[in-house]
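If you count by our numbering, then the sequence shown holds residues 433 to 683, one letter each, in order. Cβ atoms here follow ideal geometry from the backbone N, Cα and C, with glycine treated the same way.
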Amino acid sequence: MTAPTMTAPQMALARNAAEAALAVLPTSRALFAADPVIPDAGTVIEGQAITARFTGAASGEVVVVVGQDLADALRESPLGELDLTAAVRPALEAAARVFGPVVLDPGQLMEPEVALSALAAKDGAVAVPLRDDEAVRAVVALALSQWPGDDPSGGLAQQAGPRIAAVMGGRGGLDMLHDVEMEVSAELGRTRMSVRELLSLTPGAIVELDRAAGSPADLLVNGRLIARGEVVVVDENFGIRITEIVAPGAE
Numbered sequence: 433m434t435a436p437t438m439t440a441p442q443m444a445l446a447r448n449a450a451e452a453a454l455a456v457l458p459t460s461r462a463l464f465a466a467d468p469v470i471p472d473a474g475t476v477i478e479g480q481a482i483t484a485r486f487t488g489a490a491s492g493e494v495v496v497v498v499g500q501d502l503a504d505a506l507r508e509s510p511l512g513e514l515d516l517t518a519a520v521r522p523a524l525e526a527a528a529r530v531f532g533p534v535v536l537d538p539g540q541l542m543e544p545e546v547a548l549s550a551l552a553a554k555d556g557a558v559a560v561p562l563r564d565d566e567a568v569r570a571v572v573a574l575a576l577s578q579w580p581g582d583d584p585s586g587g588l589a590q591q592a593g594p595r596i597a598a599v600m601g602g603r604g605g606l607d608m609l610h611d612v613e614m615e616v617s618a619e620l621g622r623t624r625m626s627v628r629e630l631l632s633l634t635p636g637a638i639v640e641l642d643r644a645a646g647s648p649a650d651l652l653v654n655g656r657l658i659a660r661g662e663v664v665v666v667d668e669n670f671g672i673r674i675t676e677i678v679a680p681g682a683e
């Protein structure tokens with residue numbers, strides 16, 4: 433069986449895609465793109481993989497593997513557990529858009545070995561490790577099923593430069609999580625009730641909460657307390673006027 437090989441344009445494009453993804457990857461580590469490699473067991477790191485397909489100027493699949501430390505950091509953020517797929521999606525999009533205008537599917541979470549093995553089975557698959565001076569912390573891998581235009585040459589790699597510069601000129605690191613949507617809720621108070629009491633509730637019944645009248649309401653993000661405030665009415669809707677920001681762990 434002939435060993436897989438990488439052409440110069442494939443390697444150049446893979447590096448460009450990896451650098452574009454790195455510019456918006458939500459990590460506080462200073463990483464750099466290492467030399468492109470063929471995806472295999474040697475590129476698998478402990479963590480989580482997010483894989484997505486893209487179509488448009490080019491078609492193919494892109495995989496971003498984040499190390500376990502980054503996955504844990506997102507899971508234990510001050511705002512509660514963040515959705516890893518949503519948090520890494522800007523990096524997936526940045527890598528795919530090196531090839532021109534594309535549409536990315538929602539993506540899915542997979543085990544790194546499964547995702548990279550599936551990608552390695554495709555023709556022209558390339559992986560680029562993202563590392564610091566100590567170890568590989570993430571991996572960007574891709575495989576094209578359709579090249580942009582008719583000529584899969586190094587010219588496209590040169591054209592990708594301005595796209596990467598535009599991405600890197602914007603926000604970076606954890607700032608890229610700013611667009612991740614999270615569930616925000618307000619809580620007036622709580623109480624405990626028996627099943628008998630719950631079944632006896634009728635319209636007009638009053639449930640007494642464990643909070644005095646006039647006490648501030650809690651503002652929660654993904655179930656975690658982040659602030660307190662007073663209930664107000666804004667254009668016939670209830671709202672919360674923030675009076676206190678709660679420090680992490682000070683609930």
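Query	Result
Length-filtered (4 minimum) alpha helix (DSSP H) runs lying within the segment 490-534	500-507 and 516-528
Residues of its chain near F486, where Cβ-Cβ distance is below 6 Å and the 5 sequence neighbours each way are ignored	A528, V534 and L536
Local Cβ density within 10 Å of Q500, reported as buried at 16 or more and exposed below that	exposed
S577: first and last residue of the uninterrupted beta strand (DSSP E) it sits in	V568 to Q578
Contacts around L633, its chain only, beta-carbon distance under 8 Å, and the 5 residues preceding and following it disregarded	V639
Burial state of T475 (16 or more Cβ within 10 Å)	buried
Simplified DSSP assignment, three categories, for P561	strand
Within 8 Å, strictly: CB atoms of L548 and A573	yes
Alpha-carbon spacing of L562 relative to A455, whole angstroms	11 Å
Secondary structure of R622, DSSP reduced to three states	coil
Nearest neighbour of G621, chosen from L630, G661 and E615 [CA to CA]	G661
CB contact below 8 Å: V530 versus chain C	No chain C is present in this structure, which holds just one protein chain.
Whether L463 touches R569 by CB criterion (8 Å)	yes
N- and C-terminal bounds of the beta strand (DSSP E) containing A440	First-last for A440: A440 to V456, but that is the alpha helix (DSSP H), not the beta strand (DSSP E).
Cα-Cα separation, V520 to A505	13 Å
Residues near T517 by beta carbon distance below 6 Å, same chain, minus five either side	I482, G539 and L541
Span separating the alpha-carbon of F670 from that of E619	12 Å
Three-state secondary structure assigned by DSSP to D582	Confidence is the limiting factor: at D582 the pLDDT is only 48, short of 50, which leaves the residue's position unreliable, though a coordinate-based value still follows. Reduced to three states, the DSSP call for D582 is coil.
Counted within 10 angstroms of its Cβ, other Cβ atoms place P468 as buried (16 or more) or exposed	buried
Inter-residue Cα distance where the pair is V666 and R673	10 Å
Candidates A503, P471, A637 and P648: closest to Q480 by CA position	A503
Pick from D515, A557, A550 and G655 that is closest to T439, judged by C-alpha positions	A557
DSSP bridge partner residues for G671 (one or two, in chain order)	V664
Endpoints, beta strand (DSSP E) assigned at L651	A649 to V653
Boundaries of the alpha helix (DSSP H) in which L551 is found, first to last residue	P544 to A552
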